[in-house]
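So the protein sequences, as listed, match chains A and B.
So for the first sequence, our numbering puts the first residue at 1; every next one is plus one.
So for the second sequence, our numbering puts the first residue at 1001; every next one is plus one.
Here is the structure we will look at.
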Amino acid sequence: MSTVSQRRRVAVAVARKDLTIEWNSRILVNQVAPFAAIVMVLFAFALDNDGILQRVAPGLVWLATLFSMLVVIQRTFAVESADGALDALRVAGVDPSAIFAGKSLALMVQLFALELLLVGTAVVLYGVNMTLVGFAEALVTLLAATVGLACVGTLYGGLAGGARGRETLLPLLLLPVVAPVLIGATRATEAAFGSGGTKVSEGWPWIVLLLVFAVIFAAVGSVAFGPLVDE
Amino acid sequence: MNSAVTTPRGTGTRNTRILGVLTIILMVLLTFCGLIFSGEDINQGSTVRIMYVHVPSIWVAYLAFGMTALCSAIYLSGRNRSLIWDRFSGAAGEIGVLFVAVSLVTGSLWGRLTWGTYWVWDARLTSTAFLFITYIGYLAVRRLGGTHRQRARRSAVLALIAILEIPLVHFSVNVWRTLHQKASVADPNAKVALDGLMLFSLFLGLIAFTMLFAWLVIHRQRSLALEDAVADRGLDAAIEARREEATN
């Protein structure tokens, strides 16, 4: 069993490796971000009404986040399974909970950047107006939701990314689990955006739900990641 | 090795045959009680008869998912890790998915007749739909391949995560409904006064469906054991063939 500091070092190393790969390949910037943006534009085509768009903007931001997240997770495990990197790490005796923490951390950074972009798109395209307090609340919502999404995404991504032909499994496993995040984050963002006359103060209880979700899946992920990715 | 492997003529034994015959008798009795003997409801008319199938199916589904979780926990905690627990979880999971589907279909038919709509965004309905999808995912993971042990470990962990996730989804869907928008159509939890024969039919349904579940789960477990045995034998044959190639 490795000590806490060893595990932290491994986690940071794994996260740095993932972010370096992302920095060099620019998949997030060149492919995922444009995909997320076009989804936001397509929502506008489908709903075709400025008033409705402004009202449902928070839900659309989070739906676009979930869809783009699937792509990011698949990417983050494709780099592992391509040459058996994850198996190599496991064979080398690296603590699976440290790998889980590292990959979740890298995923958090990428998701957070993506969500900032999507909120920005909503402000520009859907005519959302935020107060300063609302902006702060939106930031806290993004952070809380991102931690939960990254943990649960890493957990199921590891399971679905283990071998070829499993990619189609990820949406089926992941989307039902993240329903609480979609509900909580959308309501909290509604409060932050003031959509439909919602007050900023109404958002905080939802952020608590997001935090509870994040804590549960961070704990579950550290325990269950090992058995789920074991081949 | 499981005893089923040595009796290749079928998955039935004397006991399961007795169980099967009793189940059929109770089902016939339920059909008569539900469709003919029991009276119509004052408000719902004959629609109430759907309940004699709807309520037992969701009961069996809950029972099945509970069994999936329990057998998975036993598998993970056991020292010898017998695959029989894994097969029981898998069998129960399959039957649970089937009966959630039955209860969703019968429920929406009942809803169409009573509320005038197939679906209401009620917390209980929505959570049940999530339950359905979650266990479809569980069954998909069971078919990922690999050795029996890999399948058993993977799916057991997933079944335990599912048990943790369901209350969370249920809770958030619940607050979503209560805080966001009140259900405008008839309250599904409203008290319904049942007369004696209606109550009897409902309980008969619960017993008959539970027996059907037991019969199905035993047979499915045995057929899964046979499938595993066939896969093992296929592997042995392949190894044997390679050996012969090497020696010749």
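Glycine included, C-beta positions come from ideal geometry on N, C-alpha and C.
Within chain A, partners of residue i - CB distance below 7 Å
i	result
F1130 (chain B)	P176 and A179
Chain B residues whose Cβ lies nearer than 9 Å to that of residue i
i	result
P96 (chain A)	Near P96 (chain A) there are no residues of chain B at all, since even the closest Cβ is about 12 Å away, more than 9 Å.
P227 (chain A)	L1076, R1153, R1154, A1156 and V1157
A224 (chain A)	V1157, L1158, L1160 and I1161
F213 (chain A)	L1168 and S1172
Residue burial classification, residue i (beta-carbon count within 10 angstroms, cutoff 16)
i	result
A1004 (chain B)	With a pLDDT of 45 at A1004 (chain B), under the threshold of 50, the predicted position of this residue should be treated as unreliable, and no value is reported.
G153 (chain A)	buried
S5 (chain A)	exposed
T141 (chain A)	buried
D95 (chain A)	buried
I38 (chain A)	exposed
V147 (chain A)	buried
D1122 (chain B)	buried
W204 (chain A)	exposed
T1247 (chain B)	exposed
L170 (chain A)	buried
L1212 (chain B)	buried
H1180 (chain B)	Annotation note: pLDDT 48 at H1180 (chain B) (below 50); position unreliable, coordinate value reported separately. So H1180 (chain B) ends up on the exposed side.
I1018 (chain B)	exposed
Cβ-based neighbour list, residue i, same chain, cut-off 8 Å, excluding 5 preceding and 5 following
i	result
D1187 (chain B)	Per-residue confidence for D1187 (chain B) stands at a pLDDT of 49, beneath the threshold of 50, marking its modelled position as unreliable; no derived number is given.
A44 (chain A)	L53, L125 and Y126
S1184 (chain B)	Annotation note: pLDDT 42 at S1184 (chain B) (below 50); position unreliable, no value reported.
Cβ pair residue i, residue j closer than 8 Å
i	j	result
V1055 (chain B)	G1205 (chain B)	yes
G1045 (chain B)	S1201 (chain B)	no
W1215 (chain B)	T1031 (chain B)	no
T76 (chain A)	D18 (chain A)	yes
L63 (chain A)	A144 (chain A)	no
M40 (chain A)	L118 (chain A)	yes
P176 (chain A)	F213 (chain A)	no
Chain-order list of residues whose beta-carbon lies under 6 Å from that of residue i (same chain, five-residue window excluded)
i	result
E190 (chain A)	P58 and T198
L1026 (chain B)	A1208
L60 (chain A)	F43
S1155 (chain B)	V1141 and R1142
Contact list for residue i against chain A, beta-carbon separation under 8 Å
i	result
G1137 (chain B)	L169, L172, L173 and P176
A1123 (chain B)	Residues of chain A passing the Cβ test: none, with the nearest at roughly 11 Å.
V1141 (chain B)	L159, L169 and L173
W1176 (chain B)	I183 and R187
E1244 (chain B)	Neighbours of E1244 (chain B) on chain A: none; closest Cβ ~29 Å, over 8 Å.
Residues near residue i by beta carbon distance below 7 Å, same chain, minus five either side
i	result
L1158 (chain B)	Y1138 and V1141
F1209 (chain B)	P1056, S1057, W1059 and V1060
A150 (chain A)	S104, L107, M108 and L111
Y1118 (chain B)	S1108, G1111 and R1112
L1029 (chain B)	L1204
Closer than 8 Å at the beta carbon, the chain B residues around residue i
i	result
R166 (chain A)	L1144
Within 8 Å, do at least three Cβ pairs link the region 1058-1074 of chain B to the region 1086-1095 of chain B?
yes
Say whether the region 1037-1052 of chain B touches the region 1125-1135 of chain B, bearing in mind that this needs 3 or more beta-carbon pairs closer than 8 Å, one atom from each stretch.
no
Mind the definition here: the region 130-145 of chain A touches the region 1097-1111 of chain B only if three or more C-beta pairs lie below 8 Å; say whether that holds.
no
Any 3 or more C-beta pairs closer than 8 Å across the region 1075-1086 of chain B and the region 1168-1178 of chain B:
no
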